[in-house]
Each structure stands twice: as C-alpha cells, then as structure tokens.
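What follows is a set of notes on a single structure, which appears directly below.
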C-alpha cells in the first residue's frame with residue numbers, strides 16, 4: 744500500500760511545521776491508519 748505509506752509520511756512531515764494541536768490530530772490519524780493496516 745504505497746499510497747497509505749506516502750500519506751503517513753506526509754502527515755509526519757506536515758506535523759513538524761504545524762502547531763501542537765494539529766500535530767496531535769495528525770498523530771491520531773496516522774495511528775488509525777496503522778491500526779487499519781494491521782487489522783487487514
């Protein structure tokens with residue numbers, strides 16, 4: 744799933760430049776994506 748991995752990379756990269764709240768939200772989203780990958 745290269746698209747999903749790319750999305751995670753974008754979230755992590757964007758989180759470095761956003762404020763704390765946005766970084767926290769992006770972290771939760773990335774964890775949800777990882778959880779979905781593990782579940783599948």
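Numbering (our numbering), first residue to last: 744 to 783.
Ideal placement from N, C-alpha and C gives every residue a C-beta, glycine not left out.
To the nearest angstrom, report how far apart residue 771 and residue 782 are at their CA atoms. 16 Å
Helix, strand or coil for residue 771 per DSSP? helix
Below 8 Å on the Cβ atoms is my contact criterion, and I expect residue 780 with residue 747 to pass it. Report the Cβ-Cβ distance as a whole number of Å. 7 Å
Rounded to whole angstroms, what's the CA-CA distance from residue 766 to residue 752? Just pull it up for me. 13 Å
Near residue 754, which residues of its chain fall below 7 Å by C-beta distance, leaving aside the five closest residues on each side in sequence? 769, 772 and 773
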